[in-house]
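Structure record follows, encoded as structure tokens.
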Amino acid sequence: MLKSMTMSRQLLLAVALAGGASILTGLLAYNQAGRAAEAAEREAALATRLDTARSLSLRLWEGGPVGSDVEALRLGSLDTTDLARVNRLETILSNPSSVDAERLEAAAPLLQSIAGDTQTALSTVREQRAESLSSAGTMLLAAILVPLAGLMLLAFLVQRAAIAPVRRAARQLADAAGVAGTQGEVAILTQTGEALSQLKTRIAAVEADAIRQGDARAEASREAESDARARADDAALVAETLEGALRRLAAGDLTCRIETALPERFAAIPAAFNAAAAHLHDTVAHVTASVASITNGTNEIGQAADDLSRRTEQQAASLDKTATALDEITATVKHSAENAASVASSVAAARLDTERSGEVMREAVAAMNAIQKSSQQIARIIGVIDEIAFQTNLLALNAGVEAARAGDAGRGFAVVALEVRALAQRSSEAAKEIKSLIGASSAHVGDGVDLVSRSGEVLTRIAAQVTQVDALVQEIAGSAREQSTGIAEVNEAVNKMDRVTQQNAAMVEETTAATLSLRTETEELCRLLASFQVSDTDRSVANLRQVSAAMHAAPPVARLPAAPAPRAPAVPVPVVVAAAGGSAAAMAAPAPAAAADDLGWEEF
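This is the structure in structure tokens:
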């Protein structure tokens with residue numbers, strides 16, 4: 001009885017060990033599967049982070065918003081070092097004082113480090129996932145084989161537990177038969193025969209039951225072993241097929257597909273792998289075509305930037321010469337306007353003097369007319385005096401005649417009459433002389449009046465002409481002021497164009513630097529894509545290789561020269577008679593350079 005209990009305990013222990021081993025193996029397999037799932041999630045997160053880093057690089061070149069990408073990189077940081085790099089990258093990109101080229105140059109090494117660490121971590125996670133999947137398969141196979149071994153051990157123990165009691169009963173009967181001797185031989189034999197019959201029946205039943213159980217256990221063991229072998233063969237086939245496909249995929253062959261028919265429970269694996277490979281194939285093909293277009297565009301941009309840099313240089317030189325000439329013209333026209341204003345002031349003063357001279361001449365003519373009238377009056381008075389002298393002479397003559405008639409008594413009166421007659425004659429002669437002088441004076445006064453009148457007319461005409469000259473000079477001065485203002489505005493516009501040209505030169509230089517960086521990145525992308533084998537884009541890959549070689553052999557994009565130094569202010573040029581000719585000669589001096597730059601100006 002004790003042995004039966006011991007055997008039962010052994011059976012229970014064997015069952016417990018087999019079940020525990022199976023459960024433990026299953027738990028280990030589940031744990032490995034969980035690790036594989038975590039590795040898959042980690043792989044997806046790292047792949048997303050790598051795509052984020054690449055999209056951040058593209059947005060940096062395109063000038064798009066990068067805040068969400070930087071935040072995504074921070075949330076998926078690998079360690080403290082990677083977090084510090086992301087913070088440094090955010091600081092660089094959020095600095096508004098730095099130029100875009102400097103920001104790109106400073107951010108490029110950080111992005112490369114982040115992308116490199118992410119790629120390394122992604123490779124490590126993929127290896128861990130592969131190891132977890134392999135371990136899970138091994139654990140799953142062990143979870144199947146361990147219960148089979150436990151079942152075989154259980155069958156062996158059950159067989160021992162069923163047959164051993166029968167054998168012990170037989171030995172006990174034999175011992176009892178030897179000890180009893182011959183006492184009650186008949187009864188004992190009878191009882192022994194019955195016991196033996198019952199024992200044979202029990203033994204036959206037990207043996208039949210054991211045989212049935214053994215056959216069932218053997219059949220179950222064979223089925224389990226066959227099932228385990230089939231599962232192991234299926235797992236080996238799946239592992240071998242996946243290993244070969246993954247090796248080809250890792251080698252860059254995107255045309256690899258799983259054509260082998262896998263067992264039913266693994267039938268979804270080929271479809272999923274082929275779909276993923278096809279999606280990757282299409283993506284790489286699309287990227288290859290896009291990179292070819294980007295490469296051609298980069299070459300065209302580089303050539304355009306080179307042409308634009310040369311034209312901008314020519315334009316800057318021409319604008320500098322034009323601005324210098326306009327400064328000189330502005331100073332000259334300003335000086336001319338000042339001289340014209342001064343001439344206008346002088347002409348206005350001359351006009352006022354002429355008007356005053358006209359008034360003086362009119363007053364002189366009036367005075368001469370008054371003198372002429374006075375001379376005429378004096379002439380009339382002299383005529384009266386001449387008549388008085390003539391009458392006095394007649395009276396003196398009559399008095400002398402009368403005195404002669406009177407004789408000696410009238411001799412004294414005759415002397416007086418003679419003296420009076422002499423005085424009358426002298427008065428008459430003096431009156432005649434005065435009359436002749438006054439006549440000559442009147443003639444001279446008439447001539448003076450005529451001359452003064454003609455001088456007044458001339459002065460009137462001169463005043464009219466001076467007035468016209470004053471109006472013309474005022475118009476010339478106004479035109480000169482307007483020309484000075486217009487040329488000053490043109491000069492300001494040219495200076496603004498000069499500043500804009502210098503800014504364009506700086507922008508062209510930044511574009512040139514960005515084009516050089518983009519060309520370098522495109523070469524690297526061409527080199528990477530050329531390593532893939534894509535069925536539909538083999539020609540594109542060959543074109544990429546040719547383009548990459550051409551880009552390596554292409555000359556570098558020319559750099560712009562430094563911006564011209566600020567111009568010195570122009571010195572005013574005195575206005576002379578030949579000013580127009582001099583200005584024309586000065587402006588015609590840079591004509592060859594301007595003629596040489598006509599094409600650049602026209603295209604600009």
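Counting from 1, position 379 in the sequence shown corresponds to residue 379 in the working numbering; the numbering is continuous, with no gaps.
Glycine is no exception: its CB is placed at the ideal position from the N, C-alpha and C atoms.
Quick caveat, the model's predicted, so the values are computed rather than measured.
Rounded to whole angstroms, Phe-413 and Ala-399 show a C-alpha spacing of 8 Å. Ranking Leu-111, Arg-85, Arg-74 by CA distance to the CA of Glu-521 puts Leu-111 first. Judged by DSSP secondary structure, Glu-482 falls within the alpha helix (DSSP H) whose first and last residues are 411-530. Scanning Ala-370, Cys-526, Arg-311, Glu-433 for the CA closest to the CA of Glu-509 turns up Arg-311.
Between the segment 368-377 and the segment 433-451 there are three or more C-beta pairs closer than 8 Å, enough to call the two in contact. The beta carbon of Leu-56 lies closer than 8 Å to those of Val-66, Asp-69, Val-70, Leu-73, Leu-111 in the same chain, with the five residues before and after it left out. Asn-296 is classed as exposed because its beta carbon has fewer than 16 other beta carbons within 10 Å across all chains shown. If you draw a straight line from the Cα of Gln-533 to the Cα of Ala-216, it comes to about 56 Å. For Asp-470, the closest of Leu-423, Glu-433, Asp-353 by C-alpha to C-alpha distance is Asp-353. Here Cys-256 is not near Ala-272, since their CB atoms are 8 Å or more apart.
Secondary structure of Asp-79 (DSSP, three-state): coil. Boundaries of the alpha helix (DSSP H) harbouring Val-365: 268-406, taken from the DSSP string. Closest by C-alpha distance to Thr-322, out of Thr-124, Leu-529, Ala-493, Arg-519, is Ala-493.
With respect to the 8 Å criterion, Arg-351 and Thr-467 are classified as neighbours on the basis of their beta carbons. Its chain contains Ala-337 as the residues whose beta carbon lies nearer than 6 Å to that of Arg-481, once the 5 sequence neighbours on both sides are disregarded; these appear in chain order. Straight through space, the alpha carbons of Ala-230 and Ala-278 are spaced by roughly 31 Å. Taking the Cα positions, Gln-128 is about 8 Å away from Ala-36. A check of alpha carbon separations from Ala-304 across His-335, Leu-394, Asn-495, Thr-512 identifies Thr-512 as the nearest. Around the beta-carbon of Val-360, fewer than 16 other beta-carbon atoms lie within 10 Å, marking it exposed. Taking one beta carbon from each stretch, the segment 427-435 and the segment 375-394 have 3 or more pairs nearer than 8 Å; the two touch. For Ser-113, the closest of Asn-299, Glu-363, Leu-394, Leu-50 by C-alpha to C-alpha distance is Leu-50. In this structure, Gln-502 lies near Ala-316, with their beta-carbon atoms less than 8 Å apart. Between the alpha carbons of Thr-332 and Ala-506 lies a gap of roughly 34 Å. Residue pairing for Gln-533: DSSP places it in a beta bridge opposite Asp-253. Proximity to Leu-242 across Ile-258, Gly-252, Asp-253 peaks at Ile-258, based on C-alpha coordinates.
The shortest CA-to-CA distance from Asp-234 to any of Glu-219, Asp-253, Ile-269 is the one to Ile-269.
In this structure, Val-287 sits near Leu-529, with a CB-CB distance shorter than 8 Å. Here Ser-428 has Asp-386, Ala-389, Phe-390, Asn-393 as same chain residues with Cβ atoms under 7 Å from its own Cβ, once five neighbours each way along the sequence are excluded. Inclusion of Val-125 and Ala-220 in the CB contact set at 8 Å is not warranted, their separation being larger than that value. The residues Thr-241, in chain order, have a CB closer than 6 Å to that of Thr-260 in the same chain once the five nearest residues on each side in sequence are set aside. Taking the CA atoms as reference points, Asp-498 sits about 7 Å from Asp-320. DSSP places Ala-208 within a helical segment (H, G or I) once states are collapsed to three. With fewer than 16 neighbouring CB atoms inside 10 Å of its own CB, Ser-226 falls in the exposed class. The Cβ atoms of Ser-375 and Val-445 lie closer than 8 Å to each other.
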